[in-house]
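Chemist: Residue numbers (this note's numbering): 3 to 352. Before I ask anything, let me first share the structure, which is written out below as structure tokens.
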Ligand SMILES: *Cc1c(COP(=O)(O)O)cnc(C)c1O
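If you want it as structure tokens, here you go:
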């Protein structure tokens, strides 16, 4: 702490990301990255872009990518907002659309960045408990609010909320923005983007970090009514008018265009997720139903922190959250078959 800080910085509680170990040999199943590489077409597009043009600023509107996203989802360009990872997109959403007198609602077990943004922007919030089965109950959100946000599938539970339940939440709060954070939707869910033309209060965010294997590139997006997008553009252009660099724009656009590779890698992750779930259940784990590229599991006889430490000794890292309600769970990303086997081997003496 220093006397030079703006006063509010003293009270900030920053987000703590999952470990990015320097040791290359570790089996990294702790941050939900895709075990398969990016689309070869995305890599080729970025290689082509590595040229003298890098001395020039990128397109401030990232039009090439905006058009690729609009085409992919069948929406208009003015319904799409782009940022450096969906974390940046979310930051602008909290700032530009969720700062109201009434509290923001989100699940008590959810993406731990949400309360951090509330702290940064001074937003009041009300954490709504998940039900006994760790599911979101739409009825719990039918109360006065200044906005609603939840991941779908939820993180870190992996549980999916059906589209008609999402609609129930939208209908109950027509005067609030409802943000559906679809970071993991491609691993078994159905996107709510198909609803944006019917619900002007719906904003859907997605990222290229998970299903498109580009966590290192930092590209995220939001799709919604042009009025919502305009608020985000205002914030962006008051903050950083060139958020995406030249490589990110062409790489992300090519990734959206390469549907075959995307379909193939998503299918593999889903297939191996189901396999890992079966193997963990055979060892006595209780695994929440997952529609994501990770699973959330607990063992009735073994302490989660102890299991995480034990796995780590064997070179496998998984994520453990200290929050009381889920302190006995481990969040485990789905890896390649070899990585998943290392996980199962690491638990062989259970
Ligand atoms: C990973 C994740 C994000 C952020 O992704 P970016 O890498 O910043 O695009 C957003 N929301 C949830 C729920 C996530 O798990």
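Ideal placement from N, C-alpha and C gives every residue a C-beta, glycine not left out.
1. Can you give me the Cβ contacts of residue 219 inside the same chain, cut-off strictly under 6 angstroms, excluding the 5 residues immediately before and after it?
2. Please say whether residue 264 and residue 114 have beta carbons closer to each other than 9 angstroms?
3. Check the C-beta distance from residue 153 over to residue 185 and give it rounded, since I have them as a contact under 8 angstroms.
4. Indicate, with yes or no, if ligand 1 has a heavy atom lying under 8 angstroms from the CB of residue 183.
5. For residue 211, verify whether its CB is less than 8 angstroms away from any heavy atom of ligand 1.
6. Given that a residue counts as buried once 16 or more other Cβ atoms are within 10 Å of its Cβ, and exposed if not, what is residue 364?
7. Alpha carbon to alpha carbon, how far is residue 217 from residue 146?
8. Would DSSP call residue 117 helix, strand or coil?
9. Considering only C-alpha positions, which residue in the set 258, 57, 65, 302 is nearest to residue 42?
10. Is residue 6 helix, strand or coil when you go by DSSP?
11. Under a Cβ-count criterion, where at least 16 other Cβ atoms within 10 Å of its own Cβ denotes burial, should residue 35 be classed as buried or exposed?
12. Should residue 48 go down as buried or exposed, given a rule of 16 or more other Cβ atoms within 10 Å for buried?
13. Can you give, in chain order, each stretch of the alpha helix (DSSP H) that sits fully within the segment 120–173 and has at least 4 residues?
14. Report yes if the CB atom of residue 234 is closer than 9 angstroms to the CB atom of residue 98, and no otherwise.
15. When every heavy atom of ligand 1 is checked, does at least one fall within less than 8 angstroms of the C-beta of residue 89?
16. Helix, strand or coil: how does DSSP classify residue 271 here?
17. If you pair each beta-carbon of the segment 114–134 with each one of the segment 68–78, do three or more pairs fall below 8 angstroms?
18. Tell me whether residue 221 counts as near ligand 1, meaning its Cβ is closer than 8 angstroms to at least one heavy atom of that ligand.
19. Mind listing, in chain order, the continuous beta strand (DSSP E) runs of no fewer than 3 residues lying wholly within the segment 236–323?
20. So if DSSP puts residue 199 in a beta bridge, which residue, or which two residues, is it bridged to?
21. Is residue 353 near ligand 1 - that is, is its Cβ less than 8 angstroms away from at least one heavy atom of it?
22. Please find out if some non-hydrogen atom of ligand 1 comes closer than 8 angstroms to the beta-carbon of residue 92.
23. Taking the DSSP output, what are the residues bridged to residue 331?
24. Quick check on the DSSP output: the alpha helix (DSSP H) that includes residue 50 runs from which residue to which?
25. What are the boundary residues of the beta strand (DSSP E) that includes residue 189?
26. For ligand 1, is there a heavy atom less than 8 angstroms away from the beta-carbon of residue 34?
27. Could you tell me which of 12, 199, 151, 208 sits nearest to residue 228, measuring between CA atoms?
28. Is the beta carbon of residue 153 within less than 8 angstroms of some heavy atom of ligand 1?
29. So who's on the other strand from residue 20, going by DSSP bridges?
30. Return the bridge partner residues of residue 83 from the DSSP annotation.
31. Rounded to the nearest angstrom, what separates residue 132 and residue 138 at their Cα positions?
Modeler: Put simply:
1. 250, 253
2. no
3. Cβ-Cβ separation between residue 153 and residue 185: approximately 6 angstroms, consistent with a contact (criterion under 8 angstroms).
4. yes
5. Indeed, a heavy atom of ligand 1 lies less than 8 angstroms from the Cβ.
6. What is shown of the chain runs 3 to 352, which leaves residue 364 out entirely.
7. 36 angstroms
8. Collapsing the DSSP output to three states places residue 117 in a helix.
9. 258
10. coil
11. buried
12. Buried, because 16 or more other Cβ atoms sit within 10 Å of the Cβ of residue 48.
13. The alpha helix (DSSP H) runs of length 4 or more contained entirely in the segment 120–173 do not exist; there are none.
14. Between residue 234 and residue 98, the gap from beta carbon to beta carbon is short of 9 angstroms.
15. yes
16. Helix, per DSSP.
17. no
18. yes
19. 296–300, 318–320
20. For residue 199, DSSP records no beta bridge to any residue.
21. With the chain running from 3 to 352 in the structure shown, residue 353 is simply not present.
22. At least one heavy atom of ligand 1 is nearer than 8 angstroms to the Cβ of residue 92, so yes.
23. Under DSSP, the beta-bridge partners assigned to residue 331 are 300.
24. Segment 42–51, the alpha helix (DSSP H) holding residue 50.
25. Neither: residue 189 is in no beta strand (DSSP E) and is coded neither H nor E.
26. yes
27. With distances taken between Cα atoms, residue 228 lies closest to 199.
28. yes
29. Residue pairing of residue 20 in beta bridges, as defined by DSSP: absent, with no partner found.
30. According to DSSP, residue 83 bridges with 224.
31. 5 angstroms
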